[in-house]
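Here's the structure we're looking at; comments come further down.
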Amino acid sequence: MIVAVASGKGGTGKTTLAVNLAMSAARSGRAVRLLDCDVEEPNCALYLRPEIARTAPVHVPVPVLDEALCQECGACSRICEFHAIAYFGHKPSLFPDLCHGCGGCMLVCPTGALSERGLEIGVVEEGARGACELVQGRLLVGKPMSPPIIREVRARVRPGVLHVLDCPPGNSCPLVASLRGVDFVVLAAEPTRFGVHDLGLVVETLRQIGLPFGVVLNRDAPDERLLTEYCRREGVDILARIPDDRRIAEAGSRGEVLVEALPELQQVFEDLWTAIRARAPAGG
Amino acid sequence: MKILVTAKGKTMDAQLDPRFGRAEVFLVYDPDTRALEAVDNEAGRGASQGAGIMAAELAVRLGAGVVLTGHCGPNSFRALKAAGVAVVSGVTGTVREAVDAYLAGKLSPAAAPDVQGHWA
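As given, the protein sequences belong to chains F and G, one line each in that order. Counting in the working numbering, the first sequence runs from 141 upward without gaps. Counting in the working numbering, the second sequence runs from 479 upward without gaps.
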């Protein structure tokens, strides 16, 4: 089973939730793999502090130009949807950071002047803390494109094993790349106007993809109405409520795993697992 | 040689738009004929990526020999340089002031991009 944790808005407790979902499962004796797909800012390792055992670079195929073969026709520039090749009537200028690696330019070049090379854009690292294994993608500083790294992280899913997946914030390509083939999505949501707005965008996205999901209401307070009312109106299940508790914030800011620092939270997360299993079609 | 100014409006009294790739309007002034052409930079402004390169391609199609703008990032700069278009960055005020200053020889072309990509 693969459970993804997403949020829409950043800073709502997505990584905290993913880490503690994984660690609570590990503490109750299950083998679990935590996949950090937030490759622009992979933060699960700050809490997990794993030993990194393996590192593999991630490359995307980008074109290189053999100027001697180029006849300056501009076909490569015209086919490029991503403006990675500029053409002004002379030899084209290549902008590999903008390239999505589709290979179209190489197909249309009539003289074979364009060939492929690998451009390193990030790494995938693997390690473990006890029964919890971590796979994290990391985009190199200055590189603009994260989905190829997310796909490499996702390629390390093992059949039959429980996976918790920390998604990137937002609801664009990086989120969609992360969500391919997941069984259930947990949405970390905070009760602020901004939080509710961005949650709504992700709910819309998930409904279009057709994935089952539920909300974990983070920083809950006795007078909380905003998010509860949204979920009631939209027919979205609230799977768990995490109280707005200073001790949780302090443990988090020290980089501690909550279910270790505050053992009474273990039960909250075990109940959350029960709620997820009841709703995930694959079960497990 | 035609002068392209990035602008927030379509007249000589419009304010210069400090962005190149995502500028609102490209105003092209021909000092020989005194003709003024205003072109909406819709494609660059709405681009999800590669705005600077699209804007450079538009500048070349419009026949610009020099671009007067606020800031020019690395991709735009390289594309304009490849096309043989000079770039003057750090220009402010109205389009008329920018053109007058350029024609009076008070502005000199930049040798390098003055900002990182995606600066605004």
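All C-beta atoms in this analysis are idealised placements derived from N, C-alpha and C, irrespective of residue type, glycine included.
Cβ neighbours of G522 (chain G) in the same chain (closer than 8 angstroms, five flanking residues each side left out): Walking along the second sequence from the start, residue 522 (chain G) turns up at place 44. Taken in chain order, the residues that qualify are G499, R500, A501, A529, G530, M532, A533, L536.
Which listed residue (F:P288, F:D411, F:G267) has its alpha carbon closest to that of I261 (chain F): As a working note, residue 261 (chain F) is residue 121 in the first sequence. Measuring from the Cα of I261 (chain F), the nearest candidate turns out to be F:P288.
L238 (chain F): contacting residues in chain G (beta-carbon distance under 7 angstroms): Looking up residue 238 (chain F) in the first sequence gives position 98. Neighbours of L238 (chain F) on chain G, chain order: Q527, G528.
Proximity below 8 angstroms, CB of L412 (chain F) to CB of L161 (chain F): The residue given as residue 412 (chain F) occupies position 272 in the first sequence. The residue given as residue 161 (chain F) occupies position 21 in the first sequence. In this structure, L161 (chain F) lies closer than 8 angstroms to L412 (chain F) by Cβ.
Cβ-based contacts, 7 angstroms cut-off: residues of the region 530-546 of chain G near chain F: I531, M532, A534, E535, V538
Inter-residue spacing [alpha-carbon to alpha-carbon] between A542 (chain G) and L254 (chain F): As a working note, residue 542 (chain G) is residue 64 in the second sequence. As a working note, residue 254 (chain F) is residue 114 in the first sequence. Those two C-alpha atoms are separated by around 29 angstroms.
Validate contact between the region 563-579 of chain G and the region 260-276 of chain F using beta carbons, cut 8 angstroms, 3 pairs: no
Own chain, CB closer than 7 angstroms to D592 (chain G), minus 5 neighbours either side, in chain order: For the purposes of this step, residue 592 (chain G) is identified with residue 114 of the second sequence, where counting begins at 1. The answer, listed in chain order, is H549, C550, S567, G568.
Cβ contact check for the region 310-326 of chain F and the region 353-369 of chain F: 3 or more pairs under 8 angstroms: yes
Contacts of R500 (chain G) in chain F (Cβ-Cβ under 7 angstroms): Walking along the second sequence from the start, residue 500 (chain G) turns up at place 22. In chain order: nothing, as chain F lies at least about 13 angstroms away.
Residue-chain proximity (A196 (chain F), chain G), Cβ-Cβ < 8 angstroms: Reading the first sequence from its first residue, position 56 is the one you call residue 196 (chain F). Chain G, which has no Cβ nearer than 8 angstroms to the Cβ of A196 (chain F), makes this no.
Closer than 7 angstroms at the beta carbon, the chain F residues around N519 (chain G): Looking up residue 519 (chain G) in the second sequence gives position 41. Per Cβ cutoff of 7 angstroms: no residues; N519 (chain G) is ~14 angstroms from chain F at best.
Short Cβ contact (8 angstroms threshold) for R386 (chain F) with L357 (chain F): For this step, residue 386 (chain F) is matched to residue 246 along the first sequence. For this step, residue 357 (chain F) is matched to residue 217 along the first sequence. It is not a contact, given that the beta carbons lie outside the stated cut-off.
Ranges of the alpha helix (DSSP H) found wholly within the region 169-237 of chain F, counting only runs of at least 4: 184-188, 215-219
Neighbour-count burial assignment, H337 (chain F), 16 or more Cβ in a 10 Å radius: As a working mapping, residue 337 (chain F) is identified with position 197 in the first sequence. H337 (chain F) is exposed by the Cβ-count criterion.
Coil, strand or helix - G424 (chain F) by DSSP: Locating residue 424 (chain F) in the first sequence gives position 284, where the first residue counts as 1. Only weak support is given to the placement of G424 (chain F): the predicted model assigns it a pLDDT of 48, under 50, and the question is left unresolved by the model.
Beta carbon proximity, S233 (chain F) to chain G, threshold 8 angstroms: Residue mapping note: residue 233 (chain F) aligns to position 93 of the first sequence, counting from 1. Output row for S233 (chain F): interface = yes.
The region 550-565 of chain G: positions lying closer than 7 angstroms to chain F by Cβ: N553, R556, A557, A560, A561
Segment contact, 8 angstroms Cβ cut-off, at least three pairs: the region 237-255 of chain F with the region 271-281 of chain F: no
C-beta contact flag for F222 (chain F) and L238 (chain F) at 8 angstroms: As a first step, residue 222 (chain F) must be located in the first sequence, where it is residue number 82. As a first step, residue 238 (chain F) must be located in the first sequence, where it is residue number 98. Yes, Cβ-Cβ distance for F222 (chain F) and L238 (chain F) is below 8 angstroms.
The beta strand (DSSP E) enclosing V263 (chain F), as first and last residue numbers: Start at 1 with the first residue of the first sequence, and residue 263 (chain F) comes out as number 123. That run of the beta strand (DSSP E) goes 254-269.
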